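Beneath this line is the structure, given in structure tokens, with notes to follow.
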Amino acid sequence: MGAGPILRNPARPGRRPGSGQTRRPPGRLEAGRRLRAVRYNDVVTTAPLEFIRPREPKPDWLKVKAPGSEGYLRLKALMKDLGLHTVCEEARCPNIGECWHHGTATFMILGEVCTRACAYCAVAHGRPAPLDEAEPARVADAVARMGLRHAVITSVDRDDVPDGGAGIFADTIRRIRADVPSCRIEVLIPDFQGAEAPLRTVLEAGPHVLNHNIETVPRLYRMARSGGRYPRSLELLDRARTWYPGIPTKTGLMVGLGEEPDELVAVFDDLARVGVSILTIGQYLRPTPAHAPMARYYEPAEFAALRDLALARGFTHVESGPLVRSSYHAHEQADAHVRESSRRPSAG
Numbered sequence: 001m002g003a004g005p006i007l008r009n010p011a012r013p014g015r016r017p018g019s020g021q022t023r024r025p026p027g028r029l030e031a032g033r034r035l036r037a038v039r040y041n042d043v044v045t046t047a048p049l050e051f052i053r054p055r056e057p058k059p060d061w062l063k064v065k066a067p068g069s070e071g072y073l074r075l076k077a078l079m080k081d082l083g084l085h086t087v088c089e090e091a092r093c094p095n096i097g098e099c100w101h102h103g104t105a106t107f108m109i110l111g112e113v114c115t116r117a118c119a120y121c122a123v124a125h126g127r128p129a130p131l132d133e134a135e136p137a138r139v140a141d142a143v144a145r146m147g148l149r150h151a152v153i154t155s156v157d158r159d160d161v162p163d164g165g166a167g168i169f170a171d172t173i174r175r176i177r178a179d180v181p182s183c184r185i186e187v188l189i190p191d192f193q194g195a196e197a198p199l200r201t202v203l204e205a206g207p208h209v210l211n212h213n214i215e216t217v218p219r220l221y222r223m224a225r226s227g228g229r230y231p232r233s234l235e236l237l238d239r240a241r242t243w244y245p246g247i248p249t250k251t252g253l254m255v256g257l258g259e260e261p262d263e264l265v266a267v268f269d270d271l272a273r274v275g276v277s278i279l280t281i282g283q284y285l286r287p288t289p290a291h292a293p294m295a296r297y298y299e300p301a302e303f304a305a306l307r308d309l310a311l312a313r314g315f316t317h318v319e320s321g322p323l324v325r326s327s328y329h330a331h332e333q334a335d336a337h338v339r340e341s342s343r344r345p346s347a348g
């Protein structure tokens, strides 16, 4: 099945259509002169996003209400009180106002500093602090106090420790299971550099959903995700499904980095082949001018077309839209997977 006429096929980034010439990439400060790179405690990061003047206005379908509701402020205070981090804040998620207003958040464990520097990611990178063995108990406390029925746990990459932080992941899962047995647990894990033992450690703890993001098409890995490997991520998803078929696997893709329709379809085919159940597709939004450039905005109709293409390949649930992120409405995605799985005939 082809990509369909609804999907545009723009020229690859860095090339003027019809000119055959490579366009010089924009300077680091082209979008805002007040952006500065700063170093603090061996961490290299950038100035706050509010200092950056965007090069062009976002389309209407990407505009969201600024956070500040009572629910948002209450959750922010809780995270500060417990000394916890959320990917909502660290990755500058556009949905933070909506999610926190409704009392949901994605916990980010293993610290707030990543050992990798992916070109699309706003999370700080550098030399992280030692692992916090008490973190699982604090996360479970937050889950209980928030009354969550679906908790999402993710992390930075910790290539500096032998198990990549898998032990903390497992302890967090077990602690939530013990303290809040009614809560469903979804983990969004790193690739653990392809090692089998850390993945087994996480799976043996019994998460309800195992998520690992494929992020982009193979051609763009070197540019966008230099520390990752497309075959490695695909193999992780394959192993998880093979070893623990009762735990549904999930992954996410960004669009707008310069991928082409046929490349996306090929990724859909790869993910279906390794048995991924849930797929999320969302718009890449450049955090700062120092990050990977955005090739273009996808229109809502294109996200609908991508959803149809993916569903035709057998995924039980596909969430596709401009503001979709891996954890956005994660509980609803998992509910939809359960409903759809129950309708399908059993194999064999």
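Letter by letter, the sequence shown follows residues 1 to 348 in the numbering used here. A virtual CB, placed ideally from N, CA and C, is assigned to each residue, including glycine. Nothing here was measured: the structure is a model prediction, and the numbers come from that model.
Counting along the chain, E263 sits inside the alpha helix (DSSP H) bounded by residues 261 to 273. The region 210 to 217 and the region 252 to 263 touch, with no fewer than 3 CB-CB distances between them shorter than 8 Å.
The beta carbon of G164 is closer than 8 Å to those of D157, R158, P190, F192, Q193, A195, P198 in its chain, skipping five residues each way along the sequence. Between M294 and the set L220, V113, A301, the nearest pair of CA atoms involves L220.
CA-CA distance, R177 to I247, rounds to 15 Å. When the Cα atoms are used, R138 and D262 turn out to be separated by approximately 44 Å.
Distances from the alpha-carbon of E112 to those of H125, G275, G227, L271 put H125 closest. In this chain, R241 is not harboured by any beta strand (DSSP E); it is covered by the alpha helix (DSSP H) spanning 230 to 243. The beta carbon of G83 lies closer than 8 Å to those of R138 in the same chain, with the five residues before and after it left out. Under DSSP, the beta-bridge partners assigned to E186 are V152, V209. Taken atom to atom, the span from the alpha-carbon of Y120 to that of A224 is near 6 Å. When the Cα atoms are used, R313 and D141 turn out to be separated by approximately 40 Å. Exclusion of the five residues before and after A310 leaves F268, L279, V318 as the residues of its chain whose Cβ lies within less than 6 Å of its Cβ. Cβ neighbours of R232 within its own chain (closer than 6 Å, five residues either side excluded): D191, G194. The beta carbon of A330 sits closer than 7 Å to the beta carbons of H150, V152, E186 from its chain, once the five residues preceding and following it are set aside; these are given in chain order. A305 and S320 have their C-alpha atoms spaced approximately 9 Å apart. A residue is called buried when at least 16 other Cβ atoms come within 10 angstroms of its Cβ; T288 meets this threshold and is buried. In this structure, A292 and L257 form a Cβ contact; the two beta carbons are roughly 6 Å apart against a cut-off of 8 Å. L279: not part of any alpha helix (DSSP H); member of the beta strand (DSSP E) spanning 278 to 283, first to last residue.
At the C-beta level, A205 and R229 stay beyond 8 Å of one another. Under the DSSP assignment, L253 falls outside any alpha helix (DSSP H), being part of the beta strand (DSSP E) whose first and last residues are 249 to 255. Of the residues G167, E302, I109, D179, the one whose Cα lies closest to the Cα of M146 is D179.
Beta-bridge partners assigned by DSSP to C114: H125.
Per DSSP, the unbroken beta strand (DSSP E) holding V318 starts and ends at 317 to 320.
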